[in-house]
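What follows is a short report on a single structure.
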Amino acid sequence: MGRIVTDIVEFDKKRCKVYLDGEFAFLLYKGELRDFSIKIDAEISDATYTEIVEGVLCKRCRLRAMNLLQKKDYTEKQLRDKLSEGLYPTELINDAIGYVRMYKYLDDDRYARDYITYHLPTRSKNRIIQDLITKGISKDMLMPIVEELYSEESGDVELDQVKELLNKKHYDPDNTDFKEKQKIMAFLMRRGFQMSTIRKGMNYFDEDYQ
């Protein structure tokens, strides 16, 4: 026995949400509703349901994942969230994730390494870690990568970052009043730098100007 179409709700100008047996089933283009003779109270056979899910939506979800990754890198969590916006069933999202991962289009390890390498000159280690965790990179995967990449850097990376940022702001201790110093310190703290590192960076300029 098939499933009964209990409702069809317009999602946007081109697509509609289809409900089967009282539950949301999938999102289809209006032309596809006609192609599969989907109307309220109509019955959808098991064969038709399988054709829609496995033949149409599965390919569409994979293609959507590929197109997204061609434009920019995503973490697995970010890609899942984007695909969820298209109202794809969880099993199809899982299939698409597995598909792009198999072809190395999706790689959280690579994403984390690229992100750290790019932001290492201007962001604190804590800020980078929090950013990547927010993007869905697991801490267990992330921390070994962070330690590996930071161990390859010579000197005090965060102190060098603070000094570089102070330099870009043209920080001059002799011509910066208390209020402006507080603003600069707040800016650096928002970047995730510890107060002790910020003070060391400022002291470097104090000594330089003496």
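The sequence shown: position 71 = 562 (the numbering used here), numbered continuously.
For each residue, glycine too, the CB sits at the ideal point set by N, CA and C.
query	result
If I measure Cβ to Cβ from Ala516 and keep anything under 7 Å in the same chain, skipping five residues before and after, which residues do I get?	Val509, Tyr510
Is Lys626 helix, strand or coil by DSSP?	coil
Where does Leu633 land, buried or exposed, given buried means 16+ other C-beta within 10 angstroms?	buried
Going by DSSP in three states, Arg480 sits in which element: helix, strand or coil?	Outside the shown range of the chain, which is 492 to 701, sits residue 480, and nothing can be said about it.
Do you know offhand how far Gln569's Cα is from Lys626's?	7 Å
Since Tyr594 sits in a beta bridge, which residues does DSSP pair it with?	According to DSSP, which records beta bridges pairwise, Tyr594 is partnered with nothing at all.
Whose C-beta lies closer than 7 Å to the C-beta of Tyr641 among residues of the same chain, with five residues either side of it excluded?	Lys616, Val648
Once DSSP output is grouped into helix, strand and coil, what is the label at Phe669?	helix
Within a Cβ cutoff of 6 Å, which residues of the same chain sit near Asp599, ignoring the five residues on either side of it in sequence?	Thr566, Glu567, Ile628
By a C-beta neighbour count over all protein chains shown, 10 Å radius and 16 as the cutoff for buried, is Gln652 buried or exposed?	buried
Select from Met593, Thr541, Leu524, Gln685 the residue whose C-alpha is nearest the C-alpha of Met557.	Met593
Between which two residues does the alpha helix (DSSP H) carrying Arg601 extend?	599–610
Alpha carbon to alpha carbon, how far is Tyr700 from Asn658?	Note that Tyr700 scores a pLDDT of 46, beneath 50, so its modelled location is shaky; the value from the coordinates is reported in the next line. Whole-angstrom Cα-Cα distance: 13 Å.
Do you know offhand how far Asp512's Cα is from Glu582's?	19 Å
When the Cα atoms are used, what is the spatial distance from Gln685 to Lys563?	32 Å
Could you have a look at Phe684 and say whether DSSP puts it in helix, strand or coil?	coil
For His610, which residues of its own chain have a beta-carbon under 6 Å away from its beta-carbon, when the five flanking residues on both sides are left out?	Ile619
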